[in-house]
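In what follows, a single structure is set out as structure tokens and then discussed.
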Amino acid sequence: MSKENVNAGGDGKTMSFWDHLDELRKVLVRVFVVTLLFAIVAFCFKDRLFAIILAPGSPDFLTYSLFGRAAALTGGTLENFTPQLINTELARQFLIHVRMAFTMGFILASPYILYEIFRFITPALYSNEQRCFSRMVAGGYVMFMLGVALSYFLIFPLTFRFLASYQVDVSVVNMISLESYISTLVTLSLWMGLAFEMPVLAWLFARFGFLKADFLRRYHKHAVVVILFLAAIITPTSDAVTLLLVAFPMWLLYLLSIVITARTKAVLAISN
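Just so we're aligned, residue 361 is where the sequence shown starts under the working numbering, counting upward by one.
This is the structure:
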């Protein structure tokens, strides 16, 4: 940031510190109101909301159907999968309904939230800084949603199917609580979304000269160990299958970060 005391509204007038705080307060109020409205809508459409949330646990989910067709092409079959979710606390289902409504409200309002952030910050930036910031915000948002989508459509369904159908003995029946299901889904989605920010951060650090592709290549083996360690922290379960499902995309993102860093350095060298 190089422009001081610039109006966050972008009208070119100077603003005091307290004016900036007042403008920030207005931004936070607008963000809260929009998020609340989306949360109320999500709360009212309970059936559709939980149809989306509970879909990865359904035996006819898209991912399971695709794997079933792939198994059929090779002459095999996909084992039947009929999990049952239970609730053990009186008010838990209502509280989960409220929590997931606010979560969905935040997701739906996220483009508007990013717009408000961009609108508040960019007047204090030069034009080249605005372009850099807009690319970072847009790229970060897209990569985060891709991480969430990967978790929703692949990592969580495979994790849930493996763990929900795993038995140490046929006499021990798996009855998964709704709280456990929701917690695992949200945790994996959040962490995978954050993990997908790796290429964006690599681009940003390379642009400012803090990171080089040679450094990432040199410490690739060390990075694999760190990725496995982070995957073990990210996964809410302790099984190796989930760990590998999380670690493999992170490793691919690290390789992508090397490519992006090298390309960014080449582009900057040409432009200079």
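Cβ atoms here follow ideal geometry from the backbone N, Cα and C, with glycine treated the same way.
Bear in mind the structure is a predicted one, so any value in this text is a computation, not a measurement.
(request) Tell whether a beta-carbon distance below 9 Å holds between A566 and K625. (result) Yes, the Cβ-Cβ distance between A566 and K625 is below 9 Å.
(request) Report back the beta-carbon spacing between M552 and V497 to the nearest angstrom; my notes put them in contact at under 8 Å. (result) Going by Cβ atoms, the distance from M552 to V497 rounds to 19 Å, so no, they are not a contact pair.
(request) With DSSP as the reference, label L445 as helix, strand or coil. (result) DSSP places L445 in strand when its eight states are reduced to three.
(message) Tell me the rounded alpha-carbon separation between F556 and N440.
(response) One C-alpha to the other measures close to 33 Å.
(request) Would you kindly check if the distance between the Cβ of F421 and the Cβ of V458 is under 9 Å? (result) Not in contact: V458 and F421 (Cβ atoms no closer than 9 Å).
(request) Tell me, please, which residues DSSP counts as bridged to S531. (result) Its beta-bridge partners do not exist; DSSP assigns none.
(request) Look at I413 and L545 and say whether their C-beta atoms are less than 9 Å apart. (result) Result yes, Cβ atoms of I413 and L545 sit closer than 9 Å.
(request) Starting from T463, follow the alpha helix (DSSP H) in both directions and report where the run begins and ends. (result) Unbroken alpha helix (DSSP H) run through T463: 452-481.
(message) Can you list, in chain order, the residues of its chain with a C-beta nearer than 8 Å to that of I446? Leave out the 5 residues immediately preceding and following it.
(response) Non-local C-beta neighbours of I446 in its own chain, meaning closer than 8 Å and more than five positions away in sequence, comprise M535, I536, S537, L538, ordered along the chain.
(request) Consider the C-beta atom of A607 and the heavy atoms of the ligand SAM; say whether any pair is separated by less than 8 Å. (result) In the structure shown, the ligand SAM is absent, as is every other ligand, since no ligand is present at all.
(message) Am I right that L455 and F398 are in contact with their C-beta atoms under 8 Å? What's the rounded C-beta distance?
(response) The C-beta distance from L455 to F398 rounds to 19 Å, too long to fall under 8 Å, and the pair is not in contact.
(request) Give a yes or no on whether the C-beta atoms belonging to I515 and M460 are separated by under 9 Å. (result) No, the Cβ-Cβ distance between I515 and M460 is not below 9 Å.
(message) By the three-class DSSP mapping on this structure, what secondary structure does S376 have?
(response) S376 falls in the coil class under three-state DSSP.
(request) Find out if the Cβ-Cβ distance for the pair L588, L603 is shorter than 9 Å. (result) Yes.
(message) Quick check: what's the CA-CA separation for M361 versus R452?
(response) Summary for M361: the model assigns pLDDT 44, below 50, so the residue's position carries little reliability; its value from the coordinates is reported in the next sentence. Rounded to the nearest angstrom, the gap between the Cα atoms of M361 and R452 is 46 Å.
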